[in-house]
Structures are given as C-alpha cells and as structure tokens.
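Engineer: Using my numbering, you'd call the opening residue of the sequence shown number 1 and step up by one each time. Cβ atoms here follow ideal geometry from the backbone N, Cα and C, with glycine treated the same way.
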Amino acid sequence: MLGQVERQVGKLVEKALVGHGLTVDQWRVLDVLADGEGHAQSELANTIVVPGPTLTKIVDKLVDIALVYRVVDERDRRRVLAFLSDKGGRVHTDLAAKVELAEDEAMASLQGADREALIEFLTRLGQADANAAAGAS
C-alpha cells in the first residue's frame, strides 16, 4: 500500500518538476541537501531509498548541472560530502512550493485528524528509518 502511495505522490511531484529538467530522485537529493549540512552519499542513498550506484549517478548529474558540489570531509578524508550550491539553493527555493502543493494534492482527500495522523505516522516512520540507517553506519 505504501508503494502505491509513493508512486501516486511521485507522479504528482514529477508534474510539478516538469520544465525544470529534474527527476523526482534528483529533487529528493536537493531537498535533503537544503538543510545546509554536508551529506555523505551513503547517507543520501539511505535517505532517498536508492542503491548506492544509482545515487552516485544522480549526484553526478546534479554536479554536472552545478546544483550540487562535493567536498572531502575535513574530519574523515575518506568521506566525500555533497552540498547544495548557490544555484541549487535557488532552484530548491523556486521548486519547494510547487512540490509542497503536489504533496498537498496527494493528501487532498484527507481532512483534519486523519491528515494529521498520516503526517505524524509518516514522520515517525521516516525518523525510525533514519535512526536505523544511522545505527548501521
């Protein structure tokens, strides 16, 4: 059931991104990086739920179009962190409202307490997944 919901939301987000040259997965990477912190590619792969090699291709493309850049982690020279570039930040800002509207459209049939319960559940599910990924690292 969650897979169906994810596909439906993905289609709506895809429509919001039309004309901007970004895929849903590329948007997800930009959205994670919008927190201003550098993220290792393994962390990004876990967060957006794609295999490592797929994430590498996504980030490579975002680097090629100057939305993301990579920096060697000062604390661990073996790690490379991805950051949103200034251009990437502007693109994220421009698209965030459109993507939010698409997500709202996906939940349009839910009202009040049902909507709040779903948001709370998805937030807890995301936090549990992030905690599990952090524990595995």
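Does the segment 26-42 come close enough to the segment 67-87 to have 3 or more Cβ pairs within less than 8 Å?
Structural biologist: yes
Engineer: Quick one: what's got a C-beta closer than 8 Å to Val59's C-beta in the same chain, skipping five residues either side?
Structural biologist: These residues qualify, in order along the chain: Val29, Gln41, Leu44, Val68, Arg70, Ala82.
Engineer: Starting from Val50 and walking both ways along the alpha helix (DSSP H), at which residues does that stretch end?
Structural biologist: First-last for Val50: undefined, no H or E at that position.
Engineer: Quick check for students: name the residue ranges of the alpha helix (DSSP H) that lie wholly in the segment 45-103, counting only runs of 4 or more.
Structural biologist: 52-64
Engineer: Locate the alpha helix (DSSP H) running through Asp25, then write down its first and last residues.
Structural biologist: 24-33
Engineer: Nearest-angstrom Cα distance between Phe121 and Val18?
Structural biologist: 29 Å
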